[in-house]
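Sequences listed follow chains A and B, in order.
Numbering-wise, the numbering used here puts 531 at position 7 of the first sequence, and it's gapless, one number per residue.
Numbering-wise, the numbering used here puts 74 at position 64 of the second sequence, and it's gapless, one number per residue.
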Amino acid sequence: MPPPGTFTILLFGPAQDRAGSGQVTVQARVECTCGELLRALGEQHPALAFALPAARLAVNHALVAPDHRPRPDDEIALIALVDGG
Amino acid sequence: MSVSVTLFDGPLPHAVRAPDAATGSGAVLRFEGLVRPLEPAGAGQPARELEALEYQTYDPMTERSLHELACEILSSLGLHAVRVQHSRGRVPVGACSFRLEVRSAHRAEALAAMTRFIDRMKREVPIWKRPIWRREVSPPGEACRQPPAARSTGSS
């Protein structure tokens with residue numbers, strides 16, 4: 525069980541390639557917003573900074589606004605640089 | 011009015027025209043995206059030969075996002091039907107990885123739907139693709155992928 529304030533973020537596509545992993549963990553305050561979590565992601569994993577300008581977070585498979593407050597046990601995914609078709 | 015979304019592992023099967031419903035459709039458009047044989051390895055880089063594209067999806071969010079987008083466009087343009095098929099996993103050069111079929115009363119809204127859907131899919135739907143270059147194809151049983159720094163497009 526991760527300690528409070530540890531969020532796991534799933535990665536896909538170029539972000540996954542750059543991180544060399546399908547997920548990373550980010551330390552943030554438990555009551556953080558998704559906007560704060562994205563900023564913490566860039567600070568704690570600089571290799572992912574390239575993907576963040578157009579990135580959003582999905583929480584439990586739904587895109588959320590920057591002011592959404594995720595729970596550490598939510599499924600959180602970085603949705604960035606999508607390229608279907 | 012109907013919406014259908016299907017994800018396939020690997021290349022899409024050949025298109026089979028869905029039975030005509032009694033919807034009064036006067037236009038049926040089908041777009042198919044194929045994996046191109048040549049792609050630039052990066053911005054300003056010369057084209058390289060592709061072996062395949064590997065599509066990654068985030069299930070079930072990908073299917074749900076495609077469905078929501080199809081419903082929104084069907085509703086906003088007054089379409090009769092939208093059918094979406096997309097690949098996940100490896101799709102070789104020349105094979106079909108994306109198919110969009112739209113039915114409507116007249117051609118104008120069907121043509122508009124094509125562009126609107128594809129543009130938004132490429133911006134919003136969680137699907138990613140990696141190029142697998144021809145010269146980097148590994149012997150059987152050995153994984154080989156494009157180095158992380160490079161990223162390319164293909165298909166539609």
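Glycine included, each C-beta is placed from N, C-alpha and C at the ideal position.
- Rounded to whole angstroms, the gap between the alpha carbons of PHE108 (chain B) and PRO528 (chain A) is 42 Å.
- Spatial neighbours of LEU534 (chain A) in its own chain (CB-CB distance under 6 Å, excluding positions within 5 residues in sequence) are listed in chain order as GLN547, ALA601.
- The beta carbon of PHE41 (chain B) sits closer than 6 Å to those of LEU110, MET124, all from its chain and outside the five residues before and after it, given in chain order.
- Within chain A, the residues placing a beta-carbon under 7 Å from that of GLN66 (chain B) are PHE536, GLY537, ordered along the chain.
- Between SER114 (chain B) and VAL135 (chain B), the alpha-carbon positions lie close to 24 Å from each other.
- Neighbours of HIS77 (chain B) in chain A, taken as residues at a C-beta separation under 9 Å, are lacking, since the least C-beta distance is about 12 Å.
- The Cβ of GLY608 (chain A) sits closer than 9 Å to at least one Cβ of chain B.
- In this structure, the straight-line span from the alpha carbon of ARG46 (chain B) to that of ARG58 (chain B) is close to 11 Å.
- Cβ-Cβ separation between ALA62 (chain B) and ILE128 (chain B): approximately 21 Å, too far for a contact (criterion under 8 Å).
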